[in-house]
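Comments concern the structure below.
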Amino acid sequence: MQTGRLIVLTGPSGVGKGTLLRLLLKKHPELYLSVSATTRQPRLGEVEGKNYYFVSRDQFEQLVAAQELLEWAEYAGNYYGTPSLPVKEKIACGQSVILEIEVLGARQIHKTFPNALRIFIEPPSLAELEWRIRSRGKDQEEAIAQRLQTAKVELEAADEFDVKIVNDDLEKALLGIDNAIFCP
Ligand code: 5GP
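This is the structure:
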């Protein structure tokens with residue numbers, strides 16, 4: 306049996322990774338979306354086990370110590386990580402798996418899964434990114450400032466990735482991702 310592929314979608318917070326991912330999964334329900342563990346508090350409407358596994362810092366540190374995470378990173382004061390087992394099981398069964406993660410984690414994946422396809426989503430500009438982060442109204446001012454600061458550093462890493470896609474038009478960006486995965 307052919308194994309599945311690992312696909313990593315990365316880029317700064319607010320760039321539209323989540324929206325693009327939802328559209329991609331609608332078009333390709335055969336892809337398996339990995340659910341991450343995080344120490345961040347759930348936002349309104351977020352569901353345990355669907356958006357994230359919401360865990361305490363202690364629980365997260367136990368997952369790290371037990372080597373149960375494929376990658377993990379601290380982002381804007383919280384931990385985020387990918388549970389290893391479901392990803393490995395799906396890939397072994399021939400299903401392709403997609404991760405939506407930040408840049409530090411995406412770098413780690415390059416070491417453990419060198420054949421993973423890593424796609425970096427860029428904003429049209431930093432000003433547009435700031436506008437998007439502010440207008441979604443999900444974060445407090447301190448968190449927004451932290452996310453913007455991190456975004457600047459993350460954008461400098463864009464050239465490390467296999468494919469770069471500018472999200473200035475949702476349909477066009479979706480097509481770019483689709484082509485990168487299915488018509489390489
Ligand atoms: P948010 O708090 O907005 O849900 O996510 C913050 C950032 O963490 C986003 O860039 C998101 O892609 C990233 N993220 C989500 N899950 C993971 C994960 O498992 N590992 C890593 N490294 N980053 C993640």
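In my numbering, the protein residues as written are 306 to 489.
Each residue gets a CB set at the ideal place from its N, CA and C atoms; glycine is no exception.
Just so you know, these numbers come straight off a predicted model, no measurement behind them.
Checklist entry - How about residue 400: is its C-beta nearer than 9 Å to some C-beta of chain E? => result In the structure shown, chain E does not exist; there is a single protein chain.
Checklist entry - What does residue 359 pair with, by DSSP beta-bridge criteria? => result The residue labelled residue 359 in the question sits at position 54 within the sequence shown. Per DSSP, 343.
Item to check | residue 369 versus residue 387: straight-line alpha-carbon distance, rounded | outcome: Translated into the one-based positions of the sequence shown, residue 369 becomes position 64. Translated into the one-based positions of the sequence shown, residue 387 becomes position 82. C-alpha separation (whole angstroms): 10 Å.
Checklist entry - Hey, would you say the C-beta of residue 410 is under 8 Å away from at least one heavy atom of the ligand 5GP? => result On the sequence shown, position 105 is the one that residue 410 refers to. At least one heavy atom of the ligand 5GP is nearer than 8 Å to the Cβ of residue 410, so yes.
Checklist entry - Taking C-alpha atoms, which residue in 399, 374, 470, 337 lies nearest to residue 307? => result Locating residue 307 in the sequence shown gives position 2, counting from the first residue. The shortest Cα separation from residue 307 among 399, 374, 470, 337 belongs to 399.
Checklist entry - For residue 468, which residues from the same chain have a beta carbon less than 6 Å from its beta carbon, with the 5 sequence-adjacent residues on both sides left out? => result Within the sequence shown, residue 468 is the residue found at index 163, counting from 1. Same-chain partners within the cutoff: 424, 485.
Checklist entry - What residues are listed by DSSP as bridge partners for residue 423? => result Indexing the sequence shown from 1 puts residue 423 at position 118. DSSP lists 313 as partners of residue 423.
Checklist entry - Who are the near neighbours of residue 463 in its chain, counting only those whose CB is closer than 7 Å to its CB and skipping five residues on each side? => result Taking the first residue of the sequence shown as 1, we reach residue 463 at position 158. 425, 427, 469, listed in sequence order.
Checklist entry - Just the Cα atoms here: how many angstroms apart are residue 311 and residue 403? => result Counting from 1 along the sequence shown, the entry for residue 311 is found at position 6. Counting from 1 along the sequence shown, the entry for residue 403 is found at position 98. C-alpha separation (whole angstroms): 6 Å.
Next on the checklist: Three Cβ pairs or more, each shorter than 8 Å: is that satisfied between the segment 369 to 378 and the segment 409 to 424?
Outcome noted: yes
Checklist entry - Within 8 Å: the Cβ of residue 337 and any heavy atom of the ligand 5GP? => result Within the sequence shown, the letter at position 32 stands for residue 337. Checking every heavy atom of the ligand 5GP against the Cβ of residue 337, none is found closer than 8 Å.
Checklist entry - Say the cut is 8 Å; is the CB of residue 420 nearer than that to a heavy atom of the ligand 5GP? => result Locating residue 420 in the sequence shown gives position 115, counting from the first residue. The beta carbon of residue 420 sits no closer than 8 Å to any heavy atom of the ligand 5GP.
Checklist entry - Between residue 315 and the ligand 5GP, is the CB less than 8 Å from at least one heavy atom? => result Along the sequence shown, read from residue 1 onward, the residue named residue 315 stands at position 10. Residue 315 Cβ: within cutoff of the ligand 5GP.
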